[in-house]
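Chains as they are written, first to last, in this note's numbering: chain A, 1 to 139; chain B, 140 to 278.
In this text, a Cβ means the ideal position worked out from N, Cα and C, and glycines have one as well.
Protein chains: 2
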Amino acid sequence: MEYTIGNLARRVGYAVQTLRYFEQIGLMPEAPRTAGGQRRYGARELRRLLFIKHARELGFTLNAVRSLLALAAHPDAPCEAADAIAGAHLTEIDEKIGKLQAMREELARMVEACAGGLIAECRVIDVLADHGKCLHEAH
Amino acid sequence: MEYTIGNLARRVGYAVQTLRYFEQIGLMPEAPRTAGGQRRYGARELRRLLFIKHARELGFTLNAVRSLLALAAHPDAPCEAADAIAGAHLTEIDEKIGKLQAMREELARMVEACAGGLIAECRVIDVLADHGKCLHEAH
DNA sequence: GCTAACATCTACAGCGACTGTAGGTTCAAG
DNA sequence: CTTGAACCTACAGTCGCTGTAGATGTTAGC
């Protein structure tokens with residue numbers, strides 16, 4: 001039991017409240033307590049938390065992380081389920097990138113076309129007020 | 140006063156509750172009511188709502204939309220402020236795209252490297268458990 | 001005019017993934 | 001033994017909606 005919640009949080013790069021939140025939603029196990037009621041953590045918890053952090057940095061939702069953690073706990077099970085989660089997430093990311101690029105294109109066109117005069121002639125406001133002036137039907 | 144809230148919502152592609160929400164947060168003006176207390180809308184409100192919808196589709200936050208609407212109401216003012224909002228938004232979108240592409244790359248590498256056997260040999264779980272196995276320090 | 005069906009009303013809770021606050025307690029160093 | 005930092009619980013707030021419950025309004029057909 002080598003870490004206080006603050007030490008663990010600093011080590012992983014999370015806020016203290018976030019660790020308590022993870023415990024509350026059952027993503028982290030209930031931590032053992034000192035006589036005074038403070039949480040103490042060990043190396044296992046550090047590893048688990050690093051896993052969570054890393055998965056979050058790759059954009060997995062907390063629910064996906066929950067599933068991945070459950071899978072990681074069964075080394076002898078087939079890894080199809082893990083692949084499926086990662087594959088679905090990859091697809092989602094590709095969709096998001098696609099939508100953002102469409103937005104980006106339309107926005108860049110607006111901003112470039114604006115001569116910088118009065119609102120009355122502003123391409124930005126103008127295009128927003130009239131979807132018909134967009135290149136693409138659906139952004 | 141040609142539209143009920145439901146008609147307006149269908150026309151613009153918003154849920155009825157969303158229009159009430161917009162009124163509540165002051166993004167739409169308080170609509171006039173029938174004797175029985177139901178909201179009725181006209182062409183002005185339709186235009187305003189289409190502007191909001193379009194700006195949202197381009198990824199502007201509701202606060203940004205609020206500012207853009209305020210600017211649109213002053214045709215004789217200079218359009219610098221509108222350009223600034225759009226420019227800042229463009230920058231944010233570029234950052235998001237960059238982050239998503241970094242995620243995408245790392246994820247794709249994991250998924251491809253996984254042979255599809257047991258969890259114990261699964262690249263997906265393996266990489267998640269050890270950030271050191273990533274190409275990039277920061278995703 | 002009456003009834004049935006549908007639309008609308010208010011007020012509130014819930015989502016995800018945290019962050020921030022208030023008011024109190026525990027711990028470790030000096 | 002005192003001080004001050006770190007910890008505790010419980011709850012509200014963020015954003016942009018969505019969904020619910022229970023009551024009331026509107027409208028078309030008879």
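As computed with DSSP, Leu-118 (chain A) is found in a beta bridge with B:Pro-217. When the alpha-carbon of Asn-202 (chain B) is set against those of B:Arg-186, B:Ala-221, B:Pro-217 and B:Asp-215, the nearest one is in B:Ala-221.
As the crow flies, the alpha-carbon of His-193 (chain B) is around 28 Å from that of Arg-243 (chain B). Under a 10 Å Cβ-count criterion, Leu-128 (chain A) is classified as buried, with 16 or more other Cβ atoms of the shown protein chains found around its own Cβ. Arg-39 (chain A) is classed as buried because its beta carbon has at least 16 other beta carbons within 10 Å across all chains shown. Following the DSSP letters along the chain, one finds Gln-38 (chain A) in no alpha helix (DSSP H), marked with neither H nor E. Annotated three-state conformation of Thr-200 (chain B) is coil, per DSSP.
Chain B places no beta carbon closer than 8 Å to that of Phe-22 (chain A), leaving this residue out of the contacts.
A direct Cα-to-Cα measurement between Leu-118 (chain A) and Cys-218 (chain B) gives close to 5 Å. Within the region 241-267 of chain B, the residues whose Cβ lies closer than 7 Å to some Cβ of chain A are Met-242, Arg-243, Glu-245, Leu-246, Ala-247, Met-249, Val-250, Cys-253, Gly-255, Gly-256, Leu-257, Ile-258, Ala-259, Cys-261, Val-263, Ile-264 and Leu-267, listed in chain order. Assignment of Tyr-153 (chain B) by DSSP, reduced to helix, strand and coil, places it in the coil class. Chain B places a beta carbon closer than 8 Å to that of Glu-80 (chain A), counting this residue as a contact.
Interface criterion not met: the Cβ of Pro-171 (chain B) is under 8 Å from no Cβ in chain A.
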